[in-house]
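Asks: When you read off a place in the sequence shown, starting at 1, and then add 19, the result is the number in this note's numbering. I'd like to ask you about the structure that follows.
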Amino acid sequence: MTANHAEKILEVRGLTKTYGGEAKKGAKQPTPTLDVLKGIDIDIYRGDVVCLIGPSGCGKSTFLRCLNRLEIPTGGSIKFEGIEVDDAHIDAVRQ
Numbered sequence: 020m021t022a023n024h025a026e027k028i029l030e031v032r033g034l035t036k037t038y039g040g041e042a043k044k045g046a047k048q049p050t051p052t053l054d055v056l057k058g059i060d061i062d063i064y065r066g067d068v069v070c071l072i073g074p075s076g077c078g079k080s081t082f083l084r085c086l087n088r089l090e091i092p093t094g095g096s097i098k099f100e101g102i103e104v105d106d107a108h109i110d111a112v113r114q
């Protein structure tokens, strides 16, 4: 639920995270890929209460880890209070 004229504090667009696909040392083929997050879009406004629910293994923790940059997303963008959350700006966002 969003209040009128509320300030957008989090904007996520097209967030993706894929694991695997790397060739292990000595392996003849790369590991299979697993798409965990597939194009997540969400806007969260100041005052919103948000709950992530879903079955085990559906990507809830991976989504949260991508938001705080404990995991690096494969694609998409994250803006917190208008600042792009990427390696170049992570210290500013964490303050």
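Beta carbons: idealized from backbone N, C-alpha and C, even for Gly.
Among S96, D54, P92, D67, whose alpha-carbon lies nearest the alpha-carbon of G76?
Replies: Looking up residue 76 in the sequence shown gives position 57. Relative to the Cα of G76, the nearest Cα in the group S96, D54, P92, D67 belongs to D54.
Asks: If I'm right that D162 touches R32 with Cβ under 8 Å, what's the distance once you round it to whole angstroms?
Replies: Residue coverage of the chain in this structure runs from 20 to 114, which leaves residue 162 outside it and unanswerable.
Asks: Applying the criterion that 16 or more other CB atoms from any shown protein chain within 10 Å of the CB defines a buried residue, is C70 buried or exposed?
Replies: Taking the first residue of the sequence shown as position 1, residue 70 is located at position 51. Flag for C70 reads exposed.
Asks: Please return the same chain residues whose Cβ sits closer than 7 Å to the Cβ of G73, not counting the five positions on each side in sequence.
Replies: Translated into the one-based positions of the sequence shown, residue 73 becomes position 54. Around G73: K79.
Asks: Tell me which same chain residues have a C-beta within less than 7 Å of the C-beta of A25, skipping the five on either side of it?
Replies: Residue mapping note: residue 25 aligns to position 6 of the sequence shown, counting from 1. Here the set comprises Y64, R65, G66.
Asks: Leaving out five residues before and five after L17 in sequence, what residues of the same chain have Cβ atoms less than 6 Å from its Cβ?
Replies: Coverage of the chain is limited to positions 20 through 114, which leaves residue 17 absent and any answer about it impossible.
Asks: Let me check understanding here. Comparing Cα to Cα, which of C85, K47, A46 lies closest to T37?
Replies: The sequence position of residue 37 within the sequence shown is 18, counting from 1. Closest option to T37, Cα to Cα, is C85.
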